[in-house]
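According to our numbering, the sequence shown is numbered sequentially starting from 35.
Glycine included, C-beta positions come from ideal geometry on N, C-alpha and C.
A short worksheet on the structure shown next.
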Amino acid sequence: MTTYPLLHELNTEWELLVGQHDPTMTAWACRQPALAEASRLQDLLVLIRRSPDPTLGALLKLGFEGESLARRVVMQALLGKLVLLSRGRPEWFDEAVSALWVAIAEYPLHRRPQAIVSNLLWTLRRELCPPVSVLMPVAPAEQTAEETLRAAMALRLIDDETLRTLWLVYILGLSSDRAGAVLGVSAETVRYRCSRDLRRLAGRAPLLAA
């Protein structure tokens, strides 16, 4: 089993933070009503799963106002996805944590208030994945995964089936199993389509960037 020393450190730190900042929740709720249901730090993770964009948006706003703990909550909520993206490479995970912290601090909330998780992960893929093994094709710095797929469809670089597959996985964030259930195919087929079609799109990155 692959071990992630930094993940262990972050989870240990989180356990120490939980319970120490209950009064903070009241102050945050007054400033950001979307967080009103959270009486404890741990409650925020539940809110993020249930209502991701309003909760993450509120936390990002607090982060912009100097609340580093709010950014730490966003980080904690995404650690599981970083483990999946690292594919058994602890060194990639460590770099991804640093890159995610920067992405959270610099997130353009006024331009991208929706699909925040997808956009943050898209930034990581663009920054950290080499061209040969990218999870999404290289795109302009201001282009989201959604915009890239729409552009690819408009240019007829992908068909409806490809668009739907990539949309389910990279925009909606479904696992291969869940996407396969929606599409009526196996998880292996979903993974194969994603790998094949993203390599194809990566080769057309200059056209997508035009």
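Three-way DSSP call (helix, strand, coil) for residue i in this model
i: GLU71; result: coil
i: SER167; result: In this prediction, SER167 has a pLDDT of 35, which is less than 50 and means its spatial position is unreliable; what the coordinates show is noted afterwards. Reduced to three states, the DSSP call for SER167 is helix.
i: GLU47; result: helix
i: ARG54; result: For the record, residue 54 in the displayed sequence is Gln; it is not Arg. Residue state, collapsed to three classes: coil.
i: THR60; result: helix
i: GLN66; result: coil
Buried/exposed call for residue i, threshold 16 Cβ in 10 Å
i: ASP211; result: exposed
i: ARG65; result: exposed
i: ASP262; result: For residue 262 there is no data in the structure shown, the boundaries of the chain being 35 and 244.
i: THR157; result: buried
i: GLU101; result: buried
i: THR46; result: exposed
Candidates the options: closest to residue i by CA position
i: ILE333; options: ALA236, LEU41, LEU75 and TYR204; result: For residue 333 there is no data in the structure shown, the boundaries of the chain being 35 and 244.
i: ARG225; options: GLU129, THR199 and PRO67; result: THR199
i: ASP128; options: LEU44, THR223, ALA221 and SER220; result: LEU44
i: LEU51; options: ALA70, LEU75, PRO88 and PRO57; result: LEU75
i: TRP62; options: ALA221, SER152 and GLY91; result: GLY91
i: ALA137; options: ARG121, LEU112 and LEU232; result: LEU112
i: LYS95; options: LEU197, GLU140, GLU47 and ASP77; result: GLU140
i: LEU189; options: LEU235, GLY122 and SER209; result: LEU235
i: ALA179; options: ARG105, TRP201, THR196 and GLN54; result: TRP201
The ligand GTP heavy atom lying under 7 Å from the CB of residue i
i: ARG190; result: Inclusion of the ligand GTP in the displayed structure is not the case, the ligand content being empty and no account of it being possible.
Exercise. What residue ranges within the stretch 114-165 form continuous alpha helix (DSSP H) runs of no fewer than 4 residues, ordered along the chain?
Worked result: Qualifying alpha helix (DSSP H) stretches, in chain order: 124-139 and 150-162.
For this session: Would you list, in sequence order, the uninterrupted alpha helix (DSSP H) runs of no fewer than 4 residues that lie entirely inside the stretch 169-243?
Result: Runs found: 179-188, 194-200, 210-217, 221-236 and 239-243.
For this session: Within the stretch 75-104, note down every full alpha helix (DSSP H) run reaching 4 residues or more, in order along the chain.
Result: 75-84 and 86-98
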